[in-house]
Amino acid sequence: MSRYLCHDQPQLSELETSVVDWRPGRVRLDRSPFYPGGGGQLADRGHLSWRNGDVSITGFEAEADGLWHLLSANDEIDGAIKVRIDQPFRELMSELHTLSHVVNNFVFEEFGGALVTGVQMAEDGSFRIDFDLPGADNDRLRGMVDEINDALRQDFPVRQEYLSEEAVGSEPGLIRSKAVTPPPQPDGTIRIVDIVGLDRQACGGTHLFHTGLARSIRILKVENKGRQNRRLRVGIADLFND
Ligand SMILES: [Zn+2]
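Per the UniProt record's numbering, residue 1 is the first one in the sequence shown, and the count goes up by one each step.
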């Protein structure tokens with residue numbers, strides 16, 4: 001599979017393409033702008049329209065032969081088609097994903113390189129992020145929120161680059177997940193998301209173009225998950241007023 005279009009052209013919300021393969025309820029496309037999910041980010045949602053109709057895209061399945069788009073109906077689809085991303089949903093996921101990097105950065109710096117053991121974003125505008133942090137002071141974790149919001153307002157640009165596995169291995173701190181390394185691209189390189197001047201880490205998701213586009217956060221909850229893990233639940237402050 002080639003590189004995701006959503007990595008190289010994240011602003012692309014609709015395009016015209018053609019069917020490469022069809023089975024009832026699923027289709028493979030010549031080009032697709034969708035993010036199929038992974039790394040804690042929910043898959044894009046959207047629509048597919050063609051001369052005979054319009055169906056929702058309900059999910060994705062990556063197989064050796066390419067990415068299958070799962071559809072809300074079994075109609076046979078052929079010819080020229082148009083696909084459209086649910087853009088507000090993509091933007092929310094990109095915002096949460098960007099926020100998760102900034103939160104991750106502060107925990108990583110403040111707690112001696114603590115690694116992430118899990119991330120999950122949610123459509124209500126929150127995410128949870130688990131860290132391998134035995135013995136951490138939960139109040140110290142909660143206390144980082146003002147610094148994190150200040151960093152967002154400094155409006156750091158967000159860029160991507162691709163590094164060889166050797167280069168990733170020789171630059172400490174790029175791999176933040178304890179158990180999972182993002183899979184290499186078809187050319188063997190690893191995608192790095194660089195919040196320039198703040199944070200660099202391997203990641204395969206979608207993000208905002210600069211941190212100033214993200215809304216401020218609240219830390220909704222800090223929980224102990226077993227002896228090793230701390231779970232932070234973080235929400236976009238505007239959406240979690242009480
Ligand atoms: Zn990311």
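We treat Cβ as the ideally placed atom computed from N, Cα and C, and that holds for glycine.
Fair warning: this is a prediction, and the values are worked out from it, not measured in the lab.
- For the pair I175 and H101, the CB atoms are not nearer than the 7 Å cut-off.
- Fully contained in the stretch 91-143 are the following beta strand (DSSP E) runs of length 3 or more, in chain order: 116-122, 126-132.
- Using a Cβ distance threshold of 7 Å, W68 and E61 count as a contacting pair.
- Residues whose Cβ lies closer than 6 Å to any heavy atom of ligand 1, listed in chain order: H97, H101, V193, C203, G205, H207.
- Taking C-alpha positions only, R128 is separated from P172 by approximately 25 Å.
- Residue range 145-153 is occupied by the alpha helix (DSSP H) that includes R153, with no beta strand (DSSP E) assigned at that position.
- In this structure, N74 sits away from D199, with a CB-CB distance that is not shorter than 7 Å.
- Here the alpha carbon of V193 sits roughly 18 Å from the alpha carbon of L42.
- Cβ contact annotation for T206 (same chain, cutoff 6 Å, sequence separation greater than five): C6, P10, Y35, S94, in chain order.
- Using a Cβ distance threshold of 7 Å, V222 and N138 count as a contacting pair.
- Distance from G37 to L71 at the Cβ level is roughly 16 Å; contact not present, criterion being Cβ atoms closer than 8 Å.
- Closest by C-alpha distance to L96, out of G204, R215, V116, P183, is R215.
- Looking at A122, G143, V107, P88, the one whose alpha-carbon comes closest to that of G40 is A122.
- Looking from the CA of L115, the closest CA among D150, R230, T211, G204 belongs to R230.
- Straight-line spacing of the CA atoms in A167 and E161 works out to 12 Å.
- Between L48 and I81, the C-beta gap is smaller than 7 Å, which places the two residues in contact.
- Residue state for F89 is assigned as helix, using DSSP reduced to three classes.
- Inclusion of I217 and L99 in the CB contact set at 7 Å is warranted, their separation being smaller than that value.
- Under a 10 Å Cβ-count criterion, P33 is classified as buried, with 16 or more other Cβ atoms of the shown protein chains found around its own Cβ.
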